[in-house]
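Participant: To start, I am sharing the structure in question, which I have written as structure tokens.
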Amino acid sequence: MSVIIRKYKREDREACRNICIQTASPERVRTQSQRKSLVTVYSDSYVDFEKNICFVAEDDGNVVGYILCAPDTKAYCKNAMKHHILPMMKNDPVTALLTMGEFAIYNLLARRRSAHMHIDILPSHQRMGLGTRFVNTLLEELRNKSVNGLFLITDTGNKKGPRFYEKYGFTLSYKVFFALVYTIDF
């Protein structure tokens, strides 16, 4: 198995959406509406804007994971709100409102660290070093752009992620309702 890490391409969109759904908590993907909202917020909102930094892991021509990053969280939130979240109000107002609350938290966190990330790897390819390769690739890119720091938010039910983030050098900085906020400074 020779997995490569490469820049996201437009043709990776559906694969990233599928990975987002496959790696989500089961209660977040019960209905078609939930799945659509999930991919809108945690995949499309990143890859649809040029200034975001997105990478995928490819194994034998198949995308098996991704790391998506917005180096300027405030710009990301503004674009995502306008193009994804506000249009969601019509069909899924609850998710849209929850996302607006999440974005308010993002904007507060962005005062100290401008970038944030989202990472998912299919279970078949976890524990193979892809997470480390993804984060190494992302951090190098962010340092080249003179970004001051990075944060991520994970669900309190995520058992594997926090161990990885802490091992990698992220610090658990905040607990917000159902979420843990990890940060790293450059």
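Heads up: the sequence shown at position 32 corresponds to 35 in the working numbering, and the numbers run straight through without jumps. Yeah, the Cβ is synthetic: ideal placement off N, Cα and C, and Gly gets one too.
1) Note the first and the last residue of the continuous beta strand (DSSP E) segment covering S176.
2) Quick check on this structure: which residue in T76, A182, F154 has the alpha carbon closest to the alpha carbon of Y171?
3) Could you pull the DSSP bridge partners for V59 from this structure?
4) Measuring alpha carbon to alpha carbon, tell me which residue in L41, A73, S117 is nearest L101.
5) Would you kindly work out how many angstroms separate the C-alpha atoms of N21 and P90, rounded to a whole number?
6) Since I believe I70 is in contact with F137 (beta carbons under 8 Å), could you give me their beta-carbon distance rounded to a whole number of angstroms?
7) Within 10 angstroms of its Cβ, does L111 collect 16 or more other Cβ (buried), or is it exposed?
8) Please check the pair G68 and D123, which I expect to be a contact at CB under 8 Å, by giving their CB distance rounded to whole angstroms.
9) Quick test of your reading: F167 and G134, contact by CB under 8 Å. State the CB separation rounded to the nearest angstrom.
10) How do the segment 114 to 122 and the segment 146 to 160 stand: do at least 3 beta-carbon pairs fall below 8 Å, yes or no?
Facilitator: Let me lay it out:
1) First-last of the beta strand (DSSP E) with S176: 174 to 179.
2) Out of T76, A182, F154, F154 has the C-alpha closest to the C-alpha of Y171.
3) Checking the DSSP bridge columns, you'll see V59 partnered with R9, Y69.
4) Shortest Cα-Cα distance from L101 to any of L41, A73, S117 involves L41.
5) Those two C-alpha atoms are separated by around 22 Å.
6) 4 Å between Cβ atoms; contact.
7) L111 counts as exposed, since fewer than 16 other C-beta atoms from the protein chains shown sit within 10 angstroms of its C-beta.
8) Their Cβ separation, rounded to whole angstroms, is 6 Å, which keeps G68 and D123 in contact under 8 Å.
9) With a contact defined as Cβ atoms closer than 8 Å, F167 and G134 qualify at about 6 Å.
10) The segment 114 to 122 makes contact with the segment 146 to 160: 3 or more CB pairs, one atom from each, lie closer than 8 Å.
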